[in-house]
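**Q** One structure follows; several queries about it will come next.
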């Protein structure tokens with residue numbers, strides 16, 4: 105099995121999330137989407153894509169179990185403060201507002217995509233500086 109570039113893989117997740125959110129049916133009059141099911145799915149896809157990129161840079165997944173977002177924040181604070189800032193805001197928007205709450209507000213959802221791209225872009229810069237796994 106060939107190993108994929110984690111940054112390209114993370115970007116593929118963003119692309120999949122875009123396809124998913126299009127199914128949520130945007131209502132331009134209200135400025136909202138109409139189906140939170142697809143918002144939740146897209147938010148989770150975005151956050152998982154970010155985790156793919158973050159795992160390549162921060163190497164948090166060691167041993168058994170799932171690392172908490174606190175582990176990612178801690179590792180980012182030691183590695184790169186800009187990455188830490190994007191994780192904090194991105195987690196709130198993608199994972200909590202979109203993934204759990206299923207917010208239908210288009211501006212919030214757009215911010216989720218911006219946050220995902222910011223995290224992935226920052227990870228790409230850090231990967232260019234070192235070898236990513």
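In this note's numbering, the protein residues as written are 105 to 237. Where is the CB? At the ideal position from N, CA and C, for every residue including glycine.
1) Bridge partners of residue 209, per DSSP?
2) With a CB to CB cut of under 8 Å and the five nearest residues on each side skipped, what residues in its chain are close to residue 111?
3) Is the number of C-beta pairs between the stretch 116-136 and the stretch 169-184 that are closer than 8 Å three or more?
4) What is the C-beta distance between residue 180 and residue 162, in whole angstroms, given that I count them as a contact (C-beta under 8 Å)?
5) Who are the Cβ neighbours of residue 127 in its own chain at under 8 Å, not counting the five residues just before and after it?
6) Are the CB atoms of residue 149 and residue 121 within a distance shorter than 8 Å?
7) Determine the DSSP secondary structure at residue 263, reduced to helix, strand or coil.
8) Helix, strand or coil: which one does DSSP assign to residue 159?
9) With DSSP as the reference, identify every bridge partner of residue 131, one or two as the case may be.
10) In the DSSP assignment, the alpha helix (DSSP H) including residue 110 goes from what residue to what residue?
**A** To lay it out plainly:
1) Residue pairing by DSSP places residue 209 opposite 136 in a beta bridge.
2) The residues are 157, 160, 224, 227, 228, 231, 236.
3) When C-beta atoms of the stretch 116-136 are compared with those of the stretch 169-184, fewer than three pairs fall below 8 Å, so the two segments do not count as touching.
4) In this structure, residue 180 and residue 162 form a Cβ contact; the two beta carbons are roughly 6 Å apart against a cut-off of 8 Å.
5) 139, 142
6) yes
7) Missing from the structure shown is residue 263; the chain here goes from 105 to 237 and no further.
8) helix
9) 136
10) DSSP places residue 110 inside the alpha helix (DSSP H), whose first and last residues are 110-125.
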